Amino acid sequence: MKALPRIEAVYLKIDKVLEEERSKANPPEALRIEAQQVLNDQAYYVLCWRQLESEIDDVCRGAIRKRRASGDWHVRRARYLYNPDDKKLSGLSFEDRVALVLDKEANEKYSPGKRTMAHYGTRNEIAHGTLKLTRIDVSAFMRDCFAIQAALYRAA
Amino acid sequence: MNVIEELIENRIDRPYVERRIEDWKMRIDDLYTSVESWLPSAWRAYRSGDVPMHEELMHRFGVPQQQLPILQLDSIDGRRGRMEPRGLWIIGANGRVDLILPTRHYLIVDREDSFEPPKWQLATLDDRRNETILDREALTRILS
């Protein structure tokens, strides 16, 4: 996720230009510019999501390797189902990758695991063609990505 | 429930959307009242003009467009600004109101869940991750 601050800087630059244009525009033009901001938010949301997803994959690979190296066969055996060196982690779904590294069922209302899956749902809608008609707080999402990253390293 | 849940899950209907809009109007009104009471003595505020509100969920559930008030700000030295609502359903926030001053553009974002008492956070358009609580002290600082 090292690229996130750079991605945010570009996002903020573009959104600021659009915001300045919007503030000087007449109402129909302002609506048109806001629609561009909505689209721009989604493009950057998906771009940021990929950074988080990649981080989750890396931590997941690490968790599998760590347990594969365990001296206890009971810990080791289940991890032989997945090859950490395989690009797609032997077909392990994203939901299951998250389950290996974050507690999705945690009692906490907005646990990192639950937030990750909620973002995943939004990302899926956008990436599979159902564009949102609402703004996304991209900076808040980036902040959440770093909070989720911290939880990943605590759990690893 | 937060906005992601509202947009993903199918647990909402027209009455729910209408309740959210009423709640949004009340939060805006309370925010403006707070800002009016926190203004430094060189400033005055008055409600004048409005902005249309017609968001995705309103369209989806056939809720008609609403008008939301703008809070105008004037200072005795001629500086002018305004606060205007920018959106209720924002992924990652529970509504946003912009404060536009001649020198800087601020975002005021509610970080609480739906129907919870608001937690208004203030940030500049350029540095949105660096938020502070919006209170009398923060307002005085940016208006001085």
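In the order they appear, the protein sequences are chains A and B.
When the letters of the first sequence are read in order and numbered with the working numbering, they come out as residues 10 to 165.
When the letters of the second sequence are read in order and numbered with the working numbering, they come out as residues 292 to 435.
Virtual Cβ for every residue (Gly too), placed ideally from N, Cα, C.
Computed from a prediction, not measured in an experiment: that's the story for all the values here.
**Prompt:** Based on the DSSP secondary-structure assignment, which residues constitute the bridge partners of B/Q412?
**Reply:** As a first step, residue 412 of chain B is located in the second sequence; it is residue number 121 there, counting from the start. For B/Q412, which the question treats as bridged, DSSP gives the partners B/V400 and B/I424.
**Message:** Just checking: is the beta-carbon of A/A12 within a distance shorter than 8 Å of some beta-carbon in chain B?
**Reply:** Within the first sequence, residue 12 of chain A is the residue found at index 3, counting from 1. Closer than 8 Å: no.
**Asked** A/S120 CB to nearest chain B CB: under 8 Å?
**Response** In the first sequence, residue 120 of chain A corresponds to position 111, counting from 1. Chain B contact via Cβ: absent.
**Prompt:** Considering only C-alpha positions, which residue in the set A/S63, A/M10 and A/R132 is nearest to A/L140?
**Reply:** Position 131 of the first sequence holds residue 140 of chain A. With distances taken between Cα atoms, A/L140 lies closest to A/R132.
**Request:** Answer with yes or no whether the minimum CB distance from A/T131 to chain B is below 8 Å.
**Result:** Within the first sequence, the letter at position 122 stands for residue 131 of chain A. Proximity of A/T131 to chain B, defined by a Cβ-Cβ separation below 8 Å, is satisfied.
**Request:** Verify the CB distance criterion: does B/A384 have a CB-CB separation below 8 Å to chain A?
**Result:** Residue mapping note: residue 384 of chain B aligns to position 93 of the second sequence, counting from 1. Yes - at least one Cβ of chain A is within 8 Å of the one on B/A384.
**Item:** For B/W334: DSSP bridge partner residues
**Value:** For the purposes of this step, residue 334 of chain B is taken as the residue at position 43 of the second sequence. Paired residues: B/S366.
**Asked** Going by C-alpha distance, which of B/D389, B/A333 and B/G353 is nearest B/P360?
**Response** One-based indexing of the second sequence puts residue 360 of chain B at position 69. For B/P360, the nearest C-alpha among the options comes from B/D389.
**Prompt:** Would the beta-carbon of A/S148 fall within 8 Å of that of B/R420?
**Reply:** Residue 148 of chain A sits at position 139 when you count from the first residue of the first sequence. Residue 420 of chain B sits at position 129 when you count from the first residue of the second sequence. Yes; because the gap between Cβ atoms is below 8 Å, this pair is in contact.
**Item:** Residues of the stretch 359 to 388 of chain B with Cβ closer than 7 Å to any Cβ of chain E, in chain order
**Value:** Here chain E cannot be found, since the structure's protein chains are A and B.
**Prompt:** Interface residues of chain A around B/D417 at Cβ under 7 Å?
**Reply:** As a position in the second sequence, residue 417 of chain B is number 126, starting the count at 1. Within chain A, L21 and K25 have C-beta atoms less than 7 Å from the C-beta of B/D417, given in sequence order.
**Prompt:** Do A/E64 and A/M151 come within 8 Å of each other at the CB atom, strictly closer than that value?
**Reply:** Here the question's residue 151 of chain A lines up with position 142 in the first sequence. Here the question's residue 64 of chain A lines up with position 55 in the first sequence. At the C-beta level, A/M151 and A/E64 stay beyond 8 Å of one another.
**Request:** Taking A/L142 as the query, report the chain B residues whose CB atoms sit under 8 Å from its CB, ordered along the chain.
**Result:** The residue given as residue 142 of chain A occupies position 133 in the first sequence. Result: E346, E347 and H350.
**Request:** Measure the alpha-carbon distance for B/D368 versus B/L330 and round it to whole angstroms.
**Result:** Residue numbering aside, residue 368 of chain B sits at position 77 when the second sequence is read from its first letter. Residue numbering aside, residue 330 of chain B sits at position 39 when the second sequence is read from its first letter. Taking C-alpha positions only, B/D368 is separated from B/L330 by approximately 14 Å.
**Item:** Opening and closing residue of the beta strand (DSSP E) in which B/L390 lies
**Value:** Here residue 390 of chain B refers to the residue found at position 99 when the second sequence is read from its first residue. DSSP places B/L390 inside the beta strand (DSSP E), whose first and last residues are R387 to I391.
**Prompt:** Which residues in the same chain have their Cβ closer than 7 Å to the Cβ of A/I145, if we skip the five residues on either side of it in sequence?
**Reply:** Here residue 145 of chain A corresponds to residue number 136 of the first sequence, with the count starting at 1. Answer for A/I145: D50, Q51 and Y54, listed in chain order.
**Request:** Output the distance between the C-alpha atoms of B/D417 and B/D304, rounded to the nearest integer angstrom.
**Result:** Sequence index remark: in the second sequence, residue 417 of chain B carries index 126 (1-based). Sequence index remark: in the second sequence, residue 304 of chain B carries index 13 (1-based). Rounded to whole angstroms, B/D417 and B/D304 show a C-alpha spacing of 36 Å.
**Message:** Taking the alpha-carbon of A/A18 as reference, which of A/C57, A/T143 and A/Y129 has the nearest alpha-carbon?
**Reply:** As a first step, residue 18 of chain A must be located in the first sequence, where it is residue number 9. For A/A18, the nearest C-alpha among the options comes from A/C57.
**Prompt:** Hey, is the stretch 338 to 354 of chain B in contact with the stretch 372 to 380 of chain B, meaning 3+ C-beta pairs nearer than 8 Å?
**Reply:** Enough Cβ pairs lie closer than 8 Å, so yes.
**Prompt:** Mind pulling the chain A residues with CB within less than 9 Å of B/V400?
**Reply:** Numbered from its first residue, the second sequence carries residue 400 of chain B at position 109. Residues of chain A whose Cβ lies closer than 9 Å to the Cβ of B/V400 are, in chain order, D146 and A149.
**Prompt:** Is there at least one Cβ from chain A nearer than 8 Å to B/R420's Cβ?
**Reply:** Translated into the one-based positions of the second sequence, residue 420 of chain B becomes position 129. Yes, contact with chain A.
**Prompt:** If you compare alpha carbons, which of B/S339, B/Q357, B/H396 and B/K316 is closest to B/L434?
**Reply:** Start at 1 with the first residue of the second sequence, and residue 434 of chain B comes out as number 143. For B/L434, the closest of B/S339, B/Q357, B/H396 and B/K316 by C-alpha to C-alpha distance is B/H396.
**Prompt:** Any idea which residues DSSP pairs B/M284 with across the strands?
**Reply:** A question about residue 284 of chain B goes unanswered here, because the residues of chain B that appear run from 292 up to 435.
**Message:** At the level of alpha carbons, what is the spacing between B/V354 and B/S328?
**Reply:** Locating residue 354 of chain B in the second sequence gives position 63, where the first residue counts as 1. Locating residue 328 of chain B in the second sequence gives position 37, where the first residue counts as 1. If I take the Cα positions, the gap works out to 33 Å.
**Request:** Quick one: using the 10 Å Cβ neighbour count with 16 as the cut-off for buried, is B/L398 buried or exposed?
**Result:** In the second sequence, counting from the first residue as 1, residue 398 of chain B sits at position 107. Counting Cβ neighbours within 10 Å, B/L398 comes out buried, since at least 16 surround it.
**Prompt:** For B/Q436, which beta-bridge partners are listed by DSSP?
**Reply:** Because chain B is modelled from 292 through 435, residue 436 of chain B falls outside the range shown and cannot be assessed.
**Message:** Looking only at its chain, what residues have a beta carbon closer than 8 Å to the beta carbon of B/D401, apart from the 5 residues adjacent to it on each side?
**Reply:** Residue mapping note: residue 401 of chain B aligns to position 110 of the second sequence, counting from 1. Excluding residues within five positions, the ones whose Cβ falls inside 8 Å are R318, A384, N385, G386, R387, P409, K410, W411 and Q412.
**Request:** Show which residues of chain A have a CB atom less than 8 Å away from the CB atom of B/I391.
**Result:** Sequence index remark: in the second sequence, residue 391 of chain B carries index 100 (1-based). Per Cβ cutoff of 8 Å: S32.
**Asked** Bridge partners of B/I381, per DSSP?
**Response** The count along the second sequence starts at 1 and reaches residue 381 of chain B at position 90. For B/I381, which the question treats as bridged, DSSP gives the partners B/A384.
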